[in-house]
Amino acid sequence: MKILIIIGGFFPGVKFGGPPVSVNNFCTLMQDDECYIVTKNHDMGETEPYKDIKPGWNDRGNCIVKYLSDSEYCYKGFTEAINEVAPDVLYLQSLFADCIVPCLMRAKKNNIPVLLAPRGELCPGAMNKKYKKLPYISFLRASGLVRDISFQYTSQDELEGIRKYFGKVNRCYFLTNVPSMPSENYDHPEKKPGEAKLVFISRIVPKKNLRKAIDLIAGIRGKLTFDIYGPIEDYDYWDECLRAVKELPNSIKVSYKGTVGQGEAAKTFANYDCFVFPTLSENYGHVIAESLSAGCPVLVSDQTPWDFNEFENAGTAIPIEEFRQWVETLQSIVDSDTTKMLNRRLAAIDYFNSKVQFDKLRRRYLKALLELTNSNMTRLDVDGHV
Numbered sequence: 208m209k210i211l212i213i214i215g216g217f218f219p220g221v222k223f224g225g226p227p228v229s230v231n232n233f234c235t236l237m238q239d240d241e242c243y244i245v246t247k248n249h250d251m252g253e254t255e256p257y258k259d260i261k262p263g264w265n266d267r268g269n270c271i272v273k274y275l276s277d278s279e280y281c282y283k284g285f286t287e288a289i290n291e292v293a294p295d296v297l298y299l300q301s302l303f304a305d306c307i308v309p310c311l312m313r314a315k316k317n318n319i320p321v322l323l324a325p326r327g328e329l330c331p332g333a334m335n336k337k338y339k340k341l342p343y344i345s346f347l348r349a350s351g352l353v354r355d356i357s358f359q360y361t362s363q364d365e366l367e368g369i370r371k372y373f374g375k376v377n378r379c380y381f382l383t384n385v386p387s388m389p390s391e392n393y394d395h396p397e398k399k400p401g402e403a404k405l406v407f408i409s410r411i412v413p414k415k416n417l418r419k420a421i422d423l424i425a426g427i428r429g430k431l432t433f434d435i436y437g438p439i440e441d442y443d444y445w446d447e448c449l450r451a452v453k454e455l456p457n458s459i460k461v462s463y464k465g466t467v468g469q470g471e472a473a474k475t476f477a478n479y480d481c482f483v484f485p486t487l488s489e490n491y492g493h494v495i496a497e498s499l500s501a502g503c504p505v506l507v508s509d510q511t512p513w514d515f516n517e518f519e520n521a522g523t524a525i526p527i528e529e530f531r532q533w534v535e536t537l538q539s540i541v542d543s544d545t546t547k548m549l550n551r552r553l554a555a556i557d558y559f560n561s562k563v564q565f566d567k568l569r570r571r572y573l574k575a576l577l578e579l580t581n582s583n584m585t586r587l588d589v590d591g592h593v
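Quick note, our numbering runs 207 ahead of the 1-based positions in the sequence shown.
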């Protein structure tokens, strides 16, 4: 099966957050099939093309990628790629990206089945600025471009969003994002009671709620290291966070460590005692999966699909407004000794392994993709186009 994925940003870029990770992991999961990707040739906020890429198709091992300039990333460029690949399925990675309308137009003209992953864009926490988004959604519905496409959802909130804004759609498939496969066992630092190494890895934007994490650690007793990783996308928000850092006591050392390279997230998490992530909304949260896989417990908001009901030592999901519970939970991690910390780390790994079953996940994706291609052929037969 040939699968063509259209996504605005992909590796070797480091500033696009979770979607490139999800797509790369999907290609690894589906490596028995043929995965092609069309993407832009530069990182977010940059104009300089990536080094070590060539015109045309680039073989990355688990996928074949075509990198386009901004001027090429258009209807003509997508048409050329579609004609070159002749895909069985077109897999789109956003609802609001600038590539969606031209891709849907081309897919409709070529009778190619489409699977669209909104990537959390229709979840309640992400549907701000509706005055801009609702006219666009109305256009998509009125144009008929989404009439025969299928949607991927990864949570109940996302399914409800799809139904709310698009009504009855062709098909909706529950397909969780593909986490990174653990590649090694990690060494972890010794844990002393009253000390902790905390980490935040995500894009620096209000939605990820770094400012809340800074406010939380201000109320913790003990000697703390808090390292921040991720691309700075909103500099006004980053300045706000820096002002909050200046108000922290001397017992808390905060450092900005830049971005994490491709494939380095789990290795980075292994160096810390807790991932503090009071995000406002995640339809999946690859960083959460990578933290757990590396044995780094997670303290996260309840606005993600991750709960810890059966693995309470692995982490805690807390409503954002429950400030006292956040502080108390984080304080218990700071007060842990090496033995208690080891139990937490093992629970994190066990939770990841119980949550993620790669063979089962691959079968689910394959079943959905085969249904798409088969139903498309049936529809074409009925409509008399073949």
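All C-beta atoms, glycine included, are put in the ideal place defined by N, C-alpha and C.
Being a predicted model, the structure only gives us computed values, none of them experimental.
Y274 (DSSP reduced to helix, strand or coil): strand
Candidates K474, A293 and D542: closest to K398 by CA position: D542
Through-space distance from V376 to Q363, alpha-carbon basis: 16 Å
Where the beta strand (DSSP E) through S357 begins and ends: S357 to Y360
Inter-stretch contact (C-beta, 8 Å, three-pair minimum) for the region 376 to 392 and the region 225 to 235: yes
Distance between beta carbons of P294 and K209, contact taken as under 8 Å: 5 Å
Per-residue DSSP class, three states only, for E241: strand
Cβ-based burial, L577 [other Cβ within 10 Å; buried from 16]: exposed
Burial state of G465, where buried means 16 or more other Cβ atoms lie within 10 Å: exposed
From N581, L579, L573 and D446, residue whose alpha carbon lies closest to that of Q238: L573
Segments of 3+ residues assigned as beta strand (DSSP E) that fall wholly inside the region 247 to 312: 264 to 266, 271 to 275 and 296 to 299
Nearest-angstrom beta carbon gap, I421 and C448 [assumed within contact, 8 Å]: 6 Å
DSSP three-state assignment for F217, whether helix, strand or coil: coil
DSSP beta-bridge partners of L323: L299 and F358
CB contact flag (L236, F559, <9 Å): no
Minimum C-alpha distance to V296 - residue among M251, N232, L311 and V452: L311
Inter-residue Cα distance where the pair is I289 and L211: 8 Å
Beta-bridge partners of T580, as assigned by DSSP: Beta-bridge pairing links T580 to no other residue.
Straight-line gap, P413 to L455 (C-alpha atoms, nearest Å): 20 Å
CA nearest to the CA of C503, picked from S488, V461 and N550: N550
Presumed contact (8 Å Cβ cut-off) between V483 and F407, rounded CB distance: 6 Å
Nearest-angstrom beta carbon gap, K419 and I527 [assumed within contact, 8 Å]: 7 Å
Reduced DSSP secondary structure (H/G/I, E/B, other) of F346: helix
Where N248 falls, given that 16 or more other Cβ within 10 Å makes a residue buried: buried
One or two residues paired with E391 in a DSSP bridge: DSSP, once it has assigned bridges, lists no residue as partnering E391.
Cβ separation of V369 and P320, assumed to be a contact under 8 Å, to the nearest whole Å: It is Ile, not Val, that sits at residue 369 in the sequence shown. At roughly 17 Å, the Cβ-Cβ gap does not stay under 8 Å, so I369 and P320 are not in contact.
Secondary structure of G522, DSSP reduced to three states: strand
Cα-Cα separation, S409 to G374: 33 Å
Identified DSSP bridge partners for C330: DSSP lists no partner for C330.
At least 3 beta-carbon pairs within less than 8 Å: the region 438 to 446 vs the region 474 to 489: no
Distance, T511 Cα to T151 Cα: Missing from the structure shown is residue 151; the chain here goes from 208 to 593 and no further.
Same chain, Cβ closer than 6 Å to F233, five either side skipped, listed in chain order: V385
Candidates A333, T361, R428 and R378: closest to D355 by CA position: R378
Start and end residues, beta strand (DSSP E) containing F484: C481 to F484
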